[in-house]
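To start, the structure itself, in structure tokens.
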Amino acid sequence: MSVEENKALIRSSQEGAMNRHDVDACAAFFSEDTTNHGHQVGRAGLLTVLADIFRTFPDWHTTIDELVAEGDVVVSRHTTTATHLGTPSVRSIHNMKGIPPTGKPVIMRSIHIWGIKDGLITSHVAARDDLETMQQIGLWPPS
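Under numbering that gives the first Met the number 0, residue 142 is the last one in the sequence shown; the count climbs by one each step, no gaps.
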């Protein structure tokens, strides 16, 4: 795939399927043996993470602010808005596993690095400010 096709794939996955909260459509962008943060999770593992995201933040909405690519690597900078309305069961959801819903809105900023091969995402790593999210929902500083 070309660099432009790779960028379009990420935009479709994030601003398309993710913003529609379509777990199956989101997972379909990933290879069966994809890695997430260096761990092989495959499509099945991503289904679990994605479902947890949408239970925790049912109004999740991502905007891609910047998108750059070279070869089979795409880097994107995101701004996501959401409301904390569920209790995550997966630790990777902003390190919030087990935290009951606060009902508070959040703005999450993140940078993602995507590896792509044969039209599918094969790897994903993100850097985000989980402390900022914790502050917005009132968990930091601890009382």
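Backbone N, C-alpha and C define an ideal beta-carbon position, used for all residues, glycine too.
If you ignore the 5 residues before and after glycine 102, its C-beta comes within less than 8 angstroms of the C-beta of Thr82, His83 and Leu84, all in its own chain and listed in chain order. In the same chain as histidine 36, and ignoring 5 residues on each side of it, the C-beta atoms closer than 6 angstroms to its own belong to Val124, in chain order. Under the 8 angstroms Cβ criterion, the stretch 67–74 does not count as touching the stretch 20–32, having fewer than three qualifying pairs.
With a beta-carbon spacing of about 27 angstroms, tryptophan 59 and methionine 0 fall beyond the 8 angstroms limit used to define contacts. In the three-state DSSP reduction, lysine 103 falls in the coil class, being neither helix nor strand. Taking 8 angstroms as the cut-off, the beta carbon of valine 22 is found no closer than this to the beta carbon of alanine 68. Asparagine 35: not part of any alpha helix (DSSP H); member of the beta strand (DSSP E) spanning 29–35, first to last residue. Distances from the alpha-carbon of methionine 95 to those of Thr79, Ser122 and Leu130 put Leu130 closest. Contact annotation: isoleucine 63 and arginine 10 have beta-carbon atoms nearer than 8 angstroms. Between the alpha carbons of glycine 97 and leucine 8 lies a gap of roughly 33 angstroms. The three-state reading of DSSP puts isoleucine 52 in helix, counting H, G and I together.
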